[in-house]
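Shown next, in structure tokens, is the structure this report addresses.
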Amino acid sequence: MDGTALSARHSLSPETAQLVARHKPGGPLERAFYTAPEVFAADLARIQYRHWLFAGYAFQVPKPGDYFTYKVGTESVIVVRGREGEIRAFHNVCRHRGSRICNTEAGHAHRLVCPYHRWTYELDGALVLDTRREFGVDRAELSLKPVAIENAAGLLFVSLADQPPDFSAALATIRQKMKPHAIERAKIAHQIDYVVKANWKIVFENNRECYHCPPNHKEYNTAAYDVQRDMAMLDPSLQPGMDAIVARANARFRALGLDEGDAMSTMTGVAFRCHRTPVMEGFVTQSMDGKPLSCLMGDIKAWDSGTLRTTVFPNFWQHTNCDYAAAARLTPIGPDETHVRGYWLVDEKAVEGKDYTLERLLPIWDLTNRQDWKICEDQQAGVSSHAYTPGPFSLVRERNVAHFLDWYLGELR
């Protein structure tokens with residue numbers, strides 16, 4: 126890969142170009158968007174290899190030499206903390222014969238050493254071997270190829286593009302609103318790797334609406350106002366009650382020095398959102414019974430700080446409560462398969478068995494995740510049928526799905 130300019134080099138197949146051209150803005154996608162290998166190839170090149178992808182957390186590399194890897198499609202990235210404390214990212218490709226350098230998902234290394242011929246790189250990517258005499262090339266020309274990386278209040282995003290899209294608005298918003306939760310001082314209490322037999326877009330579409338929540342998410346519905354919010358939009362007589370709930374929550378948020386919230390699950394920017402929503406009155410966090418699941422996180426000083434909902438297209442969302450955060454990282458595997466890593470974060474000082482237990486921490490989001498994956502797999506099975514033709518979106522309850530798909534199509538054009 127020369128310079129990682131994959132999105133610039135990739136041309137849509139004639140069939141994919143026709144699909145994109147005939148799509149009606151605001152509407153669902155045709156069958157081939159979820160099933161065709163050539164569309165999946167375009168998704169990798171135009172979306173995954175270009176946009177900012179959540180790779181992991183800064184606290185996963187606490188010491189110089191700590192690293193983790195993230196793979197999407199054919200590309201693998203090393204995220205490593207340098208000797209001065211800076212976090213860098215590199216393509217996981219040796220500059221000699223192209224071998225993968227780090228073959229483990231995470232580890233610690235004094236230097237990065239290729240297992241093939243032992244070419245060795247400093248943590249800043251510089252080649253240690255003097256190559257001029259034997260290879261006729263100055264070693265300065267053979268450093269590891271860098272990958273763009275940004276730290277958004279402890280969330281690490283990478284872009285494989287030579288010229289990544291502007292990410293400044295998302296960075297500024299996430300850094301400001303996430304700061305009280307101090308994710309950089311959190312830890313992973315547990316993670317679960319799910320393999321969903323559905324296209325990555327179906328998984329993301331599912332996240333962008335709660336029209337499906339009443340019949341599918343009994344547990345989640347007890348802790349959040351998504352369903353009531355949607356009903357208030359459909360029935361104006363319910364809006365004053367929803368407004369009063371939000372006003373009470375915002376008074377509490379202001380008293381805590383937090384940003385004000387909104388019941389609406391709207392996008393903050395074109396390809397991201399980061400805004401606070403209230404949890405159900407009588408609850409202090411998103412849990413099965415409304416009671417705390419761990420000790421307070423970061424610099425949060427009181428219970429019931431709402432939920433900070435953060436979404437970044439195309440692969441990440443996180444719900445950050447006063448005591449824990451639940452997140453998901455999506456990685457496309459094939460046209461009909463997606464890997465989802467679920468994270469549960471708690472404060473770095475939280476002690477398992479004392480401040481939290483997995484038996485209480487996991488259920489509300491693990492249940493919700495598994496319920497969603499079943500829905501997604503059923504939808505994938507249906508859209509794979511030749512009998513499938515796109516139906517209409519709800520202008521109210523599926524507006525965020527339409528927004529996501531309009532963004533997606535815009536990136537393919």
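For the sequence shown, the residue numbers in our numbering are 126 to 538. Built from N, CA and C at the ideal position, the CB exists for glycine as well. Since this is a predicted model, take the numbers as computed values, not measurements.
Would you please state the rounded distance, in angstroms, between the beta carbons of residue i and residue j? I believe it to be under 8 Å.
i: residue 227; j: residue 244; result: Incorrect: roughly 13 Å between the Cβ atoms, too far for contact.
i: residue 247; j: residue 238; result: Actually they do not touch by this definition, with Cβ atoms about 11 Å apart.
i: residue 295; j: residue 283; result: Not really, about 14 Å apart at Cβ, beyond 8 Å.
i: residue 250; j: residue 348; result: Not confirmed; about 45 Å, so no contact.
i: residue 204; j: residue 186; result: 6 Å
i: residue 215; j: residue 529; result: At roughly 31 Å, the Cβ-Cβ gap does not stay under 8 Å, so residue 215 and residue 529 are not in contact.
i: residue 206; j: residue 188; result: 7 Å
i: residue 461; j: residue 324; result: 6 Å
i: residue 492; j: residue 449; result: No, residue 492 and residue 449 are not in contact; Cβ-Cβ is about 15 Å, not under 8 Å.
If you drop the 5 nearest sequence neighbours on each side, which residues of the same chain put their C-beta closer than 7 Å to that of residue i?
i: residue 516; result: 153
i: residue 532; result: 395, 396 and 438
i: residue 267; result: 220, 252 and 256
i: residue 235; result: 190
i: residue 425; result: 305, 306 and 447
i: residue 521; result: 355, 358 and 359
i: residue 364; result: 357
i: residue 319; result: 465, 467, 494 and 498
i: residue 276; result: 183 and 212
Just grab the DSSP bridge partners of residue i for me.
i: residue 329; result: In DSSP, residue 329 forms no bridge with anything.
i: residue 196; result: 201
i: residue 277; result: 280
i: residue 424; result: According to DSSP, residue 424 bridges with nothing at all.
i: residue 468; result: 316 and 452
i: residue 231; result: 193
i: residue 349; result: 404
i: residue 441; result: 437 and 454
i: residue 240; result: DSSP, once it has assigned bridges, lists no residue as partnering residue 240.
i: residue 399; result: 435
i: residue 174; result: DSSP lists no partner for residue 174.
i: residue 206; result: 212
i: residue 246; result: 237 and 252
i: residue 539; result: Nothing can be reported for residue 539: it is not among the residues displayed for the chain, which extend from 126 to 538.
i: residue 463; result: 321 and 457
Give the range of the beta strand (DSSP E) segment to which residue i is assigned.
i: residue 457; result: 450-459
i: residue 216; result: 212-216
Identify the continuous alpha helix (DSSP H) that holds residue i and give its terminal residues.
i: residue 318; result: Unbroken run through residue 318 is the beta strand (DSSP E), 311-321; no alpha helix (DSSP H).
i: residue 487; result: From DSSP, residue 487 is part of no alpha helix (DSSP H); its letter is neither H nor E.
i: residue 141; result: 139-147
i: residue 178; result: Run containing residue 178: none in the alpha helix (DSSP H); it sits in the beta strand (DSSP E), 178-182.
i: residue 391; result: Looking at the DSSP string, residue 391 is not in any alpha helix (DSSP H), and its letter there is neither H nor E.
i: residue 299; result: 293-303
i: residue 165; result: 162-167
i: residue 525; result: 524-537
i: residue 374; result: 364-380
i: residue 259; result: 257-260
i: residue 339; result: 338-341
For residue i versus residue j, is the C-beta spacing smaller than 7 Å?
i: residue 454; j: residue 193; result: no
i: residue 171; j: residue 534; result: no
i: residue 456; j: residue 321; result: no
i: residue 279; j: residue 308; result: yes
i: residue 446; j: residue 411; result: yes
i: residue 344; j: residue 489; result: yes
i: residue 326; j: residue 473; result: no
i: residue 476; j: residue 156; result: no
i: residue 417; j: residue 404; result: no
i: residue 183; j: residue 281; result: yes
i: residue 258; j: residue 423; result: no
i: residue 427; j: residue 470; result: no
i: residue 242; j: residue 483; result: no
i: residue 341; j: residue 496; result: yes
Identify, in the order they occur along the chain, each residue of the same chain with its Cβ nearer than 6 Å to the Cβ of residue i, setting aside the five sequence neighbours on each side.
i: residue 126; result: In this predicted model, residue 126 has a pLDDT of only 40, less than 50, meaning its place in the structure is not dependable; the value taken from the coordinates is given anyway. Same-chain partners within the cutoff: there are none.
i: residue 231; result: 193
i: residue 399; result: 298, 299, 302, 393 and 435
i: residue 480; result: 419 and 420
i: residue 138; result: 163
i: residue 141; result: 163, 164 and 167
i: residue 289; result: 273
i: residue 270; result: 216
Identify, in the order they occur along the chain, each residue of the same chain with its Cβ nearer than 8 Å to the Cβ of residue i, setting aside the five sequence neighbours on each side.
i: residue 378; result: 384, 385, 386, 401, 430 and 431
i: residue 518; result: 151, 152, 153, 524, 526 and 527
i: residue 442; result: 332, 434, 435, 436, 452 and 453
i: residue 352; result: 335, 338, 339 and 346
i: residue 145; result: 137, 534, 537 and 538
i: residue 362; result: none
Quick check: is the beta carbon of residue i nearer than 7 Å to any beta carbon in chain D?
i: residue 434; result: Protein chain content of the structure displayed is limited to a single chain, and chain D is not contained in it.
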